[in-house]
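A quick write-up on the structure given underneath.
Numbering (the numbering used here), first residue to last: 3 to 108.
Printed below as a string of structure tokens:
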């Protein structure tokens, strides 16, 4: 998974098919899903997956109404196509169901 380096990079990545995962090192629910992410990425190669450190990009999170982590935000050609945003722990099945419901996967 790529890691977001700047807000400018966010603007560039969202022009493509991208799924941003908002997380933080201290988040226990984020650590639970971390081992599952390589398999999820491999199953959905049409997307670029980008890790966003919530603590480094707190202003971006506020702009995007991301107040709970882990959370996922999907873009395609600069348009938000889906969000899976909450403070709740996510399972592999829930993450995959979110991706499957995205417009480009239907």
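C-beta atoms are modelled at their ideal positions from N, C-alpha and C, and glycine is treated no differently.
Given the structure is predicted, the values throughout are model-derived calculations rather than measurements.
Judged by their CB atoms, residue 69 and residue 6 are not nearer to each other than the 8 Å cut-off. Counting only residues of its own chain and dropping the five nearest sequence neighbours on each side, residue 34 has a CB closer than 8 Å to the CB of 91. About 5 Å separates the beta carbon of residue 4 from that of residue 52, a gap short enough to meet the 8 Å contact definition. Under the DSSP definition of a beta bridge, residue 74 partners with 23, 86.
The DSSP-derived three-state label of residue 51 is strand. Going by DSSP, residue 45 is part of the alpha helix (DSSP H) stretching over 39-45.
Residue 36 holds the alpha-carbon nearest to the alpha-carbon of residue 27 among 44, 36, 84. Between residue 50 and residue 98, the C-beta gap is not smaller than 8 Å, which leaves the two residues out of contact.
Between residue 88 and the set 94, 61, 95, 73, the nearest pair of CA atoms involves 73. The three-state reading of DSSP puts residue 65 in helix, counting H, G and I together.
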